[in-house]
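In UniProt numbering, the protein residues as written are 1 to 271.
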């Protein structure tokens, strides 16, 4: 049965008589996931399947959760956001920061400050050297080229660095040969190149593994994750129990064969 997810201004049929506060909420507004979680702790939430549940327990929980969906309600809310971890925004820079050296992070921060310099002029005169926006040296795109080193990943690595160079210099058309020249002749810029590359790689990884990242509200992302984890746990329990039943059935058949052999042996003696 197809039903809409009540995460964007959709209310339950049982609440149709309540028009006071909810009807005044702007269209598309959603409650903060943390506030919803606090609310959920004070209500009776439905239990979710766990990987230690037997078939009967798993079946009972799944039937209760299926009724929530049939009524057009949110599984994430009715399970108290127990299985949802997407309510917190991903912080690309924090993830990348953990992979950066101090020099990479310092240059990355100063590079980001370049825009502030354009907007506020000499406002940064009183800052320390580490806090001042980065001055990007000129780059001769016609002459600064070098052969790309041989290696399994060299072309990919220097192609990535070339794309980052376009970002830094506001250029179009940087090549792996430009990146190769910079790597060996402009080492002061290499930490910045590596830092931006790490941020880009993490962003690409998130987009590849979760194509909907950034396109859903926090509650919609929580709903999707809740559904996926519920189904995955239940399916895991089903397969585990089926395997257990298969082994028990095989054991019963083997034991029955041994027991039958006793009667067959006695019957042969009587002949």
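The beta carbon of each residue, even a glycine, is placed where N, CA and C say it ideally should be.
Cα atoms of residue 62 and residue 268: separation of roughly 54 Å, rounded to the nearest angstrom. Excluding sequence positions up to five before and after residue 179, its CB lies within less than 7 Å of the CB of 158, 161, 162, 165, all in the same chain and listed in chain order. In the structure shown, residue 113 falls within a coil segment according to DSSP collapsed to helix, strand and coil. Its chain contains 96, 99, 100, 104 as the residues whose beta carbon lies nearer than 8 Å to that of residue 198, once the 5 sequence neighbours on both sides are disregarded; these appear in chain order. If you look at residue 257, you'll find it in the alpha helix (DSSP H) that goes 218 to 270. Here the alpha carbon of residue 142 sits roughly 12 Å from the alpha carbon of residue 181.
For residue 47, the CB contacts under 7 Å within the same chain, skipping 5 residues up- and downstream, are 61 in chain order. Closest option to residue 110, judged by alpha-carbon separation, among 235, 150, 191: 191.
Within a 10 Å sphere around the beta-carbon of residue 155 sit fewer than 16 other beta-carbons, which makes this residue exposed. Taking 8 Å as the upper bound for CB-CB distance, residue 55 and residue 241 are in contact here, some 5 Å apart.
For the pair residue 253 and residue 266, the Cα-to-Cα distance works out to about 20 Å. Just so you know, the alpha carbons of residue 114 and residue 134 end up roughly 6 Å apart. Just so you know, the alpha carbons of residue 168 and residue 150 end up roughly 26 Å apart. With distances taken between CA atoms, residue 230 lies nearest to 82 out of 217, 70, 82, 219.
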